[in-house]
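Numbering (this note's numbering), first residue to last: 9 to 322.
Note that CB positions come from ideal geometry on N, CA and C, so glycine has one too.
Here the structure is laid out as structure tokens; the discussion comes afterwards.
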């Protein structure tokens, strides 16, 4: 009886460890590391890395980093080239941004000849109104649709289905979505879009990302490729990797050695880099992307991307 009791105990311990081991991947590998590469009709190439863990998202470029904490509705902007960061609510940053733009445009109007000023003032007033207004035109959003095709393609390590993004009956974008990975499944896309709205240009493509049709497919899969055709050539985004792994909480914090700045200074940095981008890449950008530009290659003053082992280190 004692021997049978020991065997039963061993079996219980064995199955306990089997069940524990089976449950571990869902606990350990709760986050994602996604690398996207973008190329445009001007011959520019840029890579951004997206890190997701729980309700925190970090989007890192060469000259700037966006960190969104959806649980707190908090935004952190990190500028490695200047060794500074800003942290606060999206509303406070937007207020500072709108004020800075209004001041610049008002100064520009004051320097114009009177006949030009009278002509431009109605347009400026309309722009001011649009900057302050944060509402989304639901009627426009309902005009977007995603049509699934029969085309299936292997893109890197992903098997993806091709979709056509339509505005009414006009095809505006081709996208490939893989259902093998769902990095945004637990994320509130409405909240993420609300926080990112300040950093994206108000274009047809940024509006499409707010539509119900887009969020339904994007939330249950991974966008691995996007092609927007323009008269000058295609603009392409492609995912080169999507790794599931655990990311340390402190990876979603600014470096301790960086100086915290006020929202007014953060806005000036953003506006300065946006002007530089317009000069380098032209002003007719249609892509959905943050205000901050695709910078020239510069020496990094920020730590290199951590390995999966480093990100899992307690």
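What does a CB cutoff of less than 8 angstroms around residue 228 pick up in its chain, not counting 5 residues either side in sequence?
If the five residues before and after residue 228 are omitted, its C-beta is found closer than 8 angstroms to the C-beta atoms of 187, 190, 193, all from its own chain and listed in chain order.
Beta-carbon proximity check, residue 275 vs residue 118, cutoff 8 angstroms:
no
In the DSSP assignment, find the beta strand (DSSP E) that holds residue 241 and state where it starts and stops.
241-253
Of the listed residues 74, 161, 183, nearest to residue 173 (C-alpha basis)
183
Please report the straight-line C-alpha distance between residue 361 and residue 278, rounded to a whole angstrom.
Any answer about residue 361 is impossible in this case: the structure gives the chain only from 9 up to 322.
Could you tell me the alpha carbon to alpha carbon distance between residue 53 and residue 100, rounded to whole angstroms?
32 angstroms
Cβ contact check for the stretch 40-55 and the stretch 239-250: 3 or more pairs under 8 angstroms
They touch, by the three-pair rule.
Collapsed DSSP secondary structure at residue 11 in the structure displayed
Confidence in residue 11 is poor, its pLDDT being 46 and thus under 50, which makes the residue's placement unreliable; the coordinate value appears in the next sentence. Helix, per DSSP.
In whole angstroms, what separates the C-alpha of residue 60 from that of residue 73?
13 angstroms
Residue 120 - DSSP class collapsed to helix/strand/coil
Note: residue 120 maps to coil in three-state DSSP.
Write down every uninterrupted run of the beta strand (DSSP E) in the stretch 144-203 whose length is 3 residues or greater and which is fully enclosed by it, in chain order.
Runs found: 152-163, 166-175, 178-186.
Just to confirm the assignment, what range does the alpha helix (DSSP H) spanning residue 213 have?
212-216
If the criterion is Cβ atoms closer than 8 angstroms, does the pair residue 83 and residue 197 meet it?
The answer is no: Cβ separation not under 8 angstroms.
Residue interval of the alpha helix (DSSP H) (run including residue 374):
For residue 374 there is no data in the structure shown, the boundaries of the chain being 9 and 322.
Quick one: what's residue 56 bridged to in DSSP?
44
Take the Cβ of residue 123 as the centre, count every other Cβ of all protein chains shown within 10 Å, and call the residue buried at 16 or more, exposed below.
By the neighbour-count rule (16 or more Cβ atoms within 10 Å), residue 123 is not buried but exposed.
Answer yes or no: do residue 152 and residue 166 have a C-beta to C-beta separation smaller than 8 angstroms?
No.
Quick check on DSSP: helix, strand or coil for residue 270?
coil
By the three-class DSSP mapping on this structure, what secondary structure does residue 76 have?
strand
In terms of DSSP beta bridges, what is residue 135 paired with?
Beta bridge pairing from DSSP links residue 135 with no other residue.
From 38, 221, 81, 92, pick the residue whose C-alpha is nearest to that of residue 270; which is it?
92
From 268, 250, 109, 106, residue whose alpha carbon lies closest to that of residue 39:
250
Would you kindly work out how many angstroms separate the C-alpha atoms of residue 236 and residue 221, rounded to a whole number?
A direct Cα-to-Cα measurement between residue 236 and residue 221 gives close to 18 angstroms.
CB-CB under 6 angstroms to residue 290, same chain, minus the five flanking residues each way: which ones, in chain order?
Summary for residue 290: the model assigns pLDDT 35, below 50, so the residue's position carries little reliability, and this model does not support an answer.
Report the partner residues of residue 127 according to the DSSP bridge assignment.
Bridge partners of residue 127: none, in fact.
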